[in-house]
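Undergrad: First the structure, which I've put down as structure tokens, then a few questions once you've had a look.
Protein chains: 2
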Amino acid sequence: MNNKAMYNLSYGLFALTTRENDKDNGCIVNTVTQVTTSPNRILVAVNKKNYTHDMILRTGEFNVSILTEHTSFDTFKHWGFQSGADIDKALGIPFKRSANQIIYLPEETNTYISAKVISTTDLGTHTLFLADVTDAEVLSNDPSVTYSYYQQHIKPAPEQTSKKGYVCTICGYIYEDDPLPEDFICPICKHPASDFKPL
Amino acid sequence: MNNKAMYNLSYGLFALTTRENDKDNGCIVNTVTQVTTSPNRILVAVNKKNYTHDMILRTGEFNVSILTEHTSFDTFKHWGFQSGADIDKALGIPFKRSANQIIYLPEETNTYISAKVISTTDLGTHTLFLADVTDAEVLSNDPSVTYSYYQQHIKPAPEQTSKKGYVCTICGYIYEDDPLPEDFICPICKHPASDFKPL
């Protein structure tokens, strides 16, 4: 068994956003899949460590912004490398609201999809949300970014970011300090410190 | 709502193979997703019209061959455009067997994954299989093909294949005859005749 074999599965990258009472929030996910067209339903698996996860579990509604190849690394950092439990991610960021009043990213996005959860499955570290698509609009013709494109063209090369630190062997996230705390969890892919190696 | 918005989700393309008694079979799918890494589990949604679907439902085991950008259109035709209910798809085709004795495609593939079903969810037109990864090996460094790459570089342009006929607006499959039978089902994406338009 070669665990790196799983890297060859192709994924897109998406901003998954939601709203609870007056709080907007979102995170980056790579697992949005249309599973049936009649009815139009999608699946998304969300790590339980994401604050967005808990909000969707409670509200049952979310938007997916399909990110394009023109998405900046700052956008991935903003939505992926910090938690909505600590900050207001919608503050100072360009967004619009769809009919469900949930935010989506009008820039660096070619499509937004609004969805309503119809069932959840506990997958241990993640929850799988099966959801009806309630709205979907195309915003641009820019190509959707794949995880592979992100790794090759958007993520800064390690040399450019730091001379010392640790790199997550799962997703490439760089922790720019030494030592790496034993209980560190990768802010992108949520893997533990044991999956990091020194730069 | 723009139903074409769903096209911007990024997918890979995979040969999904299985074995029941002495019968080997397989089909093409675009929905293989790793949902958790601890344990290593994947999801695949399979249309119930695929004979492979019924076999996996009975046997609970399958392989996924991750197809590369070098996969020929003939391979997609062989595995995707005909049913294992009618022919022996393993006949005259290069294949190998993994430890579970199920075939995988050693050529035009960069990875094979063996998996054992742990639960099934009825999604109406499709069944969703959640499965433990029992084996996975990397076979080459060729890039995985995406559905978008297939549409742009592998699928023959309509002009090259036919002067008359119908094209599936969902997946681009060309039916090279006239008229299109009313009960026709697209052999690739299983959409009905109402989703076809004249060339």
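Going line by line, the protein sequences match chains A and B.
Residue numbers for the first sequence, in the numbering used here: 1 to 199.
Residue numbers for the second sequence, in the numbering used here: 1001 to 1199.
All residues carry an ideal CB built from backbone N, CA and C; glycine is no exception.
Computed from a predicted structure; not experimentally measured.
Just to make sure I have the definition right: I need the residues of chain B whose C-beta is within less than 7 Å of the C-beta of A:T111. Which are they?
TA: Within 7 Å Cβ-Cβ: A1005 and N1008.
Undergrad: Taking Cβ positions, are A:D142 and A:H78 nearer each other than 8 Å?
TA: Not a contact, by the Cβ cut-off of 8 Å.
Undergrad: From what residue to what residue does the alpha helix (DSSP H) around B:L1057 run?
TA: From DSSP, the alpha helix (DSSP H) with B:L1057 extends over Y1051 to T1059.
Undergrad: Counting Cβ pairs, one atom from each stretch, are 3 or more of them under 8 Å apart for the region 60-68 of chain A and the region 108-119 of chain A?
TA: The answer is yes - the region 108-119 of chain A touches the region 60-68 of chain A, with three or more Cβ pairs under 8 Å.
Undergrad: Terminal residues of the continuous alpha helix (DSSP H) containing B:G1080?
TA: Per DSSP, B:G1080 belongs to the alpha helix (DSSP H) from F1073 to G1080.
Undergrad: Please report whether the beta-carbon of A:L199 lies at a distance below 8 Å from any beta-carbon of chain B.
TA: Not one chain B Cβ lies under 8 Å of A:L199.
Undergrad: Using three-state DSSP, classify A:Y166 as helix, strand or coil.
TA: Residue state, collapsed to three classes: strand.
Undergrad: The region 1009-1020 of chain B: which residues have C-beta closer than 7 Å to a C-beta of chain A, in chain order?
TA: Hits within the stretch, in order: L1009, S1010, Y1011 and G1012.
Undergrad: Spell out whether any CB of chain B is found under 8 Å from the CB atom of A:E137.
TA: Answer yes: the Cβ-Cβ gap between A:E137 and chain B drops below 8 Å somewhere.
Undergrad: Is B:T1031 closer than 8 Å to B:Y1011 when the C-beta atoms are compared?
TA: Yes. Within cutoff.
Undergrad: Please report how far the alpha carbon of A:D24 lies from the alpha carbon of A:P192, in whole angstroms.
TA: Cα to Cα, the separation comes out at about 27 Å.
Undergrad: For the region 1017-1046 of chain B, which residues have a CB atom closer than 9 Å to at least one CB atom of chain A, in sequence order?
TA: Going along the region 1017-1046 of chain B in chain order, one finds N1030, T1031, V1032, T1033, Q1034, V1035, T1036, T1037, S1038, P1039, N1040, R1041, I1042, L1043 and A1045 with a Cβ nearer than 9 Å to chain A.
Undergrad: Just the chain B side, please: which residues come within less than 8 Å of A:L123 by C-beta, in chain order?
TA: Going along chain B in sequence order, the residues near A:L123 (Cβ under 8 Å) are V1035, T1036, R1041 and L1130.
Undergrad: Whose Cβ in chain B lies nearer than 9 Å to the Cβ of A:I66?
TA: What A:I66 touches in chain B: A1005, N1008, L1009 and S1010.
Undergrad: From which residue to which residue does the beta strand (DSSP E) around B:T1068 run?
TA: No beta strand (DSSP E) holds B:T1068; DSSP gives it neither H nor E.
Undergrad: Helix, strand or coil, according to DSSP, for A:Y150 in the structure here?
TA: DSSP places A:Y150 in helix when its eight states are reduced to three.
Undergrad: Leaving out five residues on either side along the sequence, give the residues of the same chain with a beta carbon under 6 Å from the beta carbon of A:N40.
TA: Cβ neighbours of A:N40 beyond the five flanking positions: V133.
Undergrad: Please return the same chain residues whose Cβ sits closer than 8 Å to the Cβ of B:I1118, not counting the five positions on each side in sequence.
TA: If we look at B:I1118 and ignore the five residues flanking it on each side, its Cβ neighbours are R1041, L1130, A1131 and D1132.
Undergrad: Hey, would you say A:T18 sits closer than 8 Å to A:F62, going by beta carbons?
TA: Yes, Cβ-Cβ distance for A:T18 and A:F62 is below 8 Å.
Undergrad: Rounding to the nearest angstrom, what Cα-Cα distance links B:A1157 and A:F196 in this structure?
TA: Approximately 45 Å between the Cα atoms of the pair.
Undergrad: Give the straight-line distance between the Cα atoms of A:D177 and B:A1090, rounded to the nearest whole angstrom.
TA: Near 53 Å, if we compare the C-alpha coordinates of B:A1090 and A:D177.
Undergrad: How is the beta strand (DSSP E) around B:S1114 delimited, first residue to last?
TA: Counting along the chain, the beta strand (DSSP E) containing B:S1114 begins and ends at T1109 to D1122.
Undergrad: How would you label A:N21, buried or exposed, when you count the other beta carbons within 10 angstroms and need 16 or more for buried?
TA: Its Cβ having fewer than 16 others within 10 Å, A:N21 is exposed.
Undergrad: Show which residues of chain B have a CB atom less than 9 Å away from the CB atom of A:T169.
TA: The premise fails here: A:T169 is roughly 12 Å from chain B at the closest Cβ pair, so nothing lies under 9 Å.
Undergrad: Taking Cβ-Cβ distances shorter than 7 Å, what residues in chain B pair up with A:H126?
TA: Correct list: V1035 and T1036.
Undergrad: Suppose the cutoff is 7 Å on Cβ atoms and the five residues either side in sequence are ignored; what does the same chain contact list for A:I185 look like?
TA: Cβ neighbours of A:I185 beyond the five flanking positions: K49 and P192.
Undergrad: Locate the beta strand (DSSP E) running through B:I1028, then write down its first and last residues.
TA: Unbroken beta strand (DSSP E) run through B:I1028: K1023 to V1029.
Undergrad: Could you check whether the Cβ of B:N1002 sits closer than 8 Å to any Cβ belonging to chain A?
TA: It does: the Cβ of B:N1002 has a partner Cβ on chain A nearer than 8 Å.
Undergrad: Once you ignore the five residues that flank A:I102 on each side, which residues in its own chain have a CB closer than 8 Å to its CB?
TA: Hits under 8 Å: T17, T18, R19, D24, E61, F62, N63 and S114.
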